[in-house]
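Right, one structure below, let's go through it.
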Amino acid sequence: MHIWVLIKQVPDSEARIQVKADESGVEIEDRYTLNFFDSLAVEEALRIKEQVGSGSVTVISLGGGQKSIEALRTGIAMGADEAILLEDPAFAGGDEYATAKALAAAMKGMAWDMILCGREAFDDSAGIVGPLVAEFLSIPHITTVVKIDLAPEGRAVIVEREIEGGKEVIKAPLPVLLSAQKGLNEPRVPPVMGVMKAMRAEIKKIDLHAIGLSQAEVGRTGSREEIVRYHRPPERPPVTMIQGEAADMVQKVVALLKEEAKVI
Ligand SMILES: Cc1cc2nc3c(=O)[nH]c(=O)nc-3n(C[C@H](O)[C@H](O)[C@H](O)COP(=O)(O)OP(=O)(O)OC[C@H]3O[C@@H](n4cnc5c(N)ncnc54)[C@H](O)[C@@H]3O)c2cc1C
Numbered sequence: 000m001h002i003w004v005l006i007k008q009v010p011d012s013e014a015r016i017q018v019k020a021d022e023s024g025v026e027i028e029d030r031y032t033l034n035f036f037d038s039l040a041v042e043e044a045l046r047i048k049e050q051v052g053s054g055s056v057t058v059i060s061l062g063g064g065q066k067s068i069e070a071l072r073t074g075i076a077m078g079a080d081e082a083i084l085l086e087d088p089a090f091a092g093g094d095e096y097a098t099a100k101a102l103a104a105a106m107k108g109m110a111w112d113m114i115l116c117g118r119e120a121f122d123d124s125a126g127i128v129g130p131l132v133a134e135f136l137s138i139p140h141i142t143t144v145v146k147i148d149l150a151p152e153g154r155a156v157i158v159e160r161e162i163e164g165g166k167e168v169i170k171a172p173l174p175v176l177l178s179a180q181k182g183l184n185e186p187r188v189p190p191v192m193g194v195m196k197a198m199r200a201e202i203k204k205i206d207l208h209a210i211g212l213s214q215a216e217v218g219r220t221g222s223r224e225e226i227v228r229y230h231r232p233p234e235r236p237p238v239t240m241i242q243g244e245a246a247d248m249v250q251k252v253v254a255l256l257k258e259e260a261k262v263i
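Residue numbers for the sequence shown follow numbering that gives the first Met the number 0, beginning at 0 and rising by one.
The structure is reproduced here in structure tokens:
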């Protein structure tokens with residue numbers, strides 16, 4: 000069973016993110032981590048390979064430089080066999096469509112039975128790169144899965160998705176793309192030996208020429224969308240701390256709700 004996992008490095012949840020003064024973009028503090036949903040995808044790929052007892056897990060990321068390399072090294076440290084970085088100046092400025100197109104082109108002709116990815120990337124949160132990759136590769140995709148079983152008869156998966164008030168069970172033939180939702184598993188902490196292996200591991204680099212697309216099909220020129228501007232969240236009103244005995248505090252809260260907030 001050959002499994003590929005799409006992974007992306009995203010800002011750490013504690014990184015400071017500021018909207019630029021002209022609202023044209025965001026400035027992100029240099030603190031990055033592997034996207035949480037992608038770590039679920041890597042974990043699941045490793046578990047499936049372990050269960051089957053053969054095959055390989057390949058992690059692939061499109062992006063520039065050290066950030067993406069760190070994501071790939073985390074994948075290797077967890078246990079992935081191979082790491083591939085799609086890197087080329089032509090990929091810069093790409094939207095989700097252009098990103099997925101390049102990823103799919105890189106994977107075309109490679110050996111895979113299953114592609115796993117995250118439900119969404121924590122930074123841009125489009126949640127569409129995975130399904131678009133599946134569309135470009137003409138394979139089925141199932142999103143937000145919380146359980147993956149290989150069908151006993153082989154060459155198919157039976158997955159569960161959480162839906163309002165219950166679960167949906169879906170069967171699909173391999174090859175298939177599945178996006179990982181919280182609850183799928185508990186990602187392993189990379190063991191020390193894994194971290195050491197990852198530090199020495201070769202990261203295979205693939206550029207535009209190698210994926211057989213033209214410059215017009217990737218990056219900014221290959222994009223279908225344009226970010227017009229970012230908004231800052233509205234300033235929060237100051238917090239009023241209320242102190243004293245419980246009965247006094249209740250009276251003060253009611254007075255504030257009536258007179259200041261005017262909600263009762
Ligand atoms: C007009 C426009 C211009 C942009 N320009 C840039 C830019 O210059 N630089 C930049 O960094 N971003 C840029 N972006 C953002 C970039 O397109 C997205 O980060 C990227 O397409 C993924 O989208 P997402 O983060 O919403 O992923 P989602 O669709 O939410 O991701 C779902 C899953 O897909 C997989 N995935 C997503 N992205 C990648 C990836 N790169 N490699 C491997 N797997 C992945 C992961 O498994 C992830 O969990 C731009 C976006 C737009 C709309």
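Ideal Cβ placement from N, Cα and C applies to all residues, glycine included.
This structure is a prediction, so every number in the text was calculated from the model and none was measured.
Cβ pair Ile-263, Trp-111 closer than 8 Å: no
Closer than 7 Å: Ser-60 CB and nearest ligand 1 heavy atom: yes
Straight-line gap, Ile-75 to Val-227 (C-alpha atoms, nearest Å): 37 Å
Touching by the beta-carbon criterion (3+ pairs, under 8 Å), the segment 161 to 173 and the segment 125 to 134: no
Any non-hydrogen atom of ligand 1 closer than 7 Å to Asn-34 Cβ: yes
CA-to-CA distance, Ala-155 to Pro-172, given in whole angstroms: 4 Å
Closest Cα partner of Glu-69 within the set Ala-197, Tyr-229, Glu-216 and Leu-255: Ala-197
Cβ neighbours of Arg-15 in the same chain (closer than 6 Å, five flanking residues each side left out): Glu-28
Met-0 beta carbon less than 8 Å from that of Met-113: yes
Where Gly-64 sits in the DSSP three-state scheme: helix
Nearest-angstrom Cβ-Cβ length linking Ala-97 and Val-194, presumed shorter than 8 Å: Going by Cβ atoms, the distance from Ala-97 to Val-194 rounds to 33 Å, so no, they are not a contact pair.
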